[in-house]
Structure formats: structure tokens, C-alpha cells
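**Student:** Supplied in C-alpha cells, the structure appears directly below.
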Amino acid sequence: MNREPRPQQPTSLAPVFARLCMRQVLLRARRPVEVFQPFLFFALVILLFPLGLGPAPERLAVFAPAILWITALLANLLGIEGLFRQDLEDGTLDQLLSAPQSLYFLLLPHLLAQWIVSGVVLAVCSPLFAYGLSMSSGGAWVLVGSLLLGSGAMTILGALGAALTVGLRRGGMLVSLLVTPLYVPILIFGTGAVDAALEGRDAQPVLALLGGILAAGIALGPLAISAALRISVEN
């Protein structure tokens, strides 16, 4: 008696997620320049500000929160345009779009890897540059927290712009034009949290706002990115 073939069961999410995370690690290990590019940009731009503003510690301390946050914002834009470009060229993106697993979870390794490179590393190293700009220790540690939260939200917004322009050959400038206005509230809250700490006020409400933006981005961002990728690939 012939038996009908059973439909193939979809692979569980955990092994696929682990393979995608490993793939992101390998891709960045093969291109170390892209890994260190945001940090080198961050360091070089901050080192140039004392040359333009002068070495006076009091003056540097006044502008330090804005300097650090604006530089982090610009560093976050580096490489975001090519976030999905490699996947599109080698066919991985088509496989992700047709996979039985939820695209929401399949995109998380991309976002996590980009956040670590363009956010976590800068946030961890930011106290060193903050001290170089004569910022107090209290403000420096609030800076770390605000950068961790804010860079995560900026990574999600930047990934949305990258998804919308993944099919374009030169989409870097377009991505910047699309996502930079969306970065403005994050920049305002980030610098506001550091300023509050430097002035002796409670920075937790502002950090909570940044955390709320990040939470909303984690909940809704991958859904919007998934839709943007499908539209870009189909067109």
C-alpha cells in the first residue's frame, strides 16, 4: 500500500537563528575594515573638535554631550546602507523571504550585529572620549546608557531605510535623507539625558523615553523592515 509523502516540517527557529548569527559574525570577520570603521570615524571626529573649539576644558565640557551624540549618530549611518546588500547579491535574502520561519526573527541577527558594531562598541568606549572632553564621570555613565538605548533605536530605523533602498545601486545618500529626520528625537533625548546628569537633575525619565522608543522599535521595526524588503525585492 502506497503511502502519501508527508509534508516537510519546517525547521525549528532556534537552529536557523543560530546559523544566521554565525553568518553575521563570519561576514564581519572577513571584512574587519567595516567593523572598525564606525569606531575610527567616531574617534577621529571627536579628536578634531578640540582643534576647532580650542583646548579650554570649560568650553569643551559645555559642548561635549552634543559632540559625542552627533558623532555617534553619524557613525551609525556608516555601513547601514549595505546592511542587506550582501544578502541580496548572494541570494540569501530571497531564501529568507521564502523561508517558513517568521521573517521577524530572521532579521534580528542582522540588527543585533549592526547594533554591536555601530552602537555597543561606541557606547563602551565613549567614557574615554568623554573624559577627553572634560565631561564629569556622572555624565559619562549616563552617556553610556543613552548611547546603548539610542543606538539600538537608530539601528532599527537605519535598517528600515536600508530595506527600502536595497535594490538601488547608490542608495547611501537616499538612506541618509530618509532616516536622519527620524534620528532627531533620539538625538534630542540622548543629549537631554546627559545634560540632565551634568546639571544634577534626574536623567532617568529621559532614559525611560529612550527605552520606550527602543522597545517600540523592537516590537514594530522588524515588521516594517520585512514589508520594506518584500516591496524592494518584488520591484
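Numbered according to our numbering, the sequence shown terminates at residue 241, and the numbering increases by one at each position without gaps. The beta-carbon is built from N, C-alpha and C at its ideal position, and this holds for glycine as well. Model, not experiment: these values are computed from the prediction.
1. Is Pro-56 helix, strand or coil by DSSP?
2. I'd like the span of the alpha helix (DSSP H) that includes Phe-135, first residue to last.
3. Pick helix, strand or coil for Gly-151, following the three-state DSSP scheme.
4. In the structure shown, what three-state DSSP assignment does Arg-65 receive?
5. Please report the distance separating the alpha-carbon of Ala-202 from that of Leu-102.
6. Check Gln-107 in the structure and name its three-state DSSP category.
7. My parser needs the alpha helix (DSSP H) runs of 4 or more residues fully inside the segment 77-108; what are they?
8. On a CA-only basis, which of Ile-76, Phe-90, Gly-138, Leu-80 is nearest Gly-196? Give me that one, please.
9. Nearest-angstrom Cα distance between Gly-218 and Gly-156?
10. When you compare only the Cα positions, how much space is there between Pro-133 and Ser-143?
11. Hey, Gln-120 and Leu-89: beta-carbon distance below 7 Å or not?
**Tutor:** Answer, in terms of the structure:
1. Helix at Pro-56.
2. Run containing Phe-135: 127-138, per the alpha helix (DSSP H) assignment.
3. Helix.
4. Note: Arg-65 maps to helix in three-state DSSP.
5. Distance between Ala-202 and Leu-102, taken at the CA atoms: about 44 Å.
6. Assigned with DSSP and collapsed to three states, Gln-107 falls in coil, not helix or strand.
7. The segment 77-108 contains these whole alpha helix (DSSP H) runs: 91-96, 98-104.
8. If we check each option's Cα against that of Gly-196, Ile-76 comes out closest.
9. The alpha-carbon of Gly-218 is positioned some 10 Å away from that of Gly-156.
10. The straight-line gap from Cα to Cα measures roughly 8 Å.
11. It is a contact, given that the beta carbons lie within the stated cut-off.
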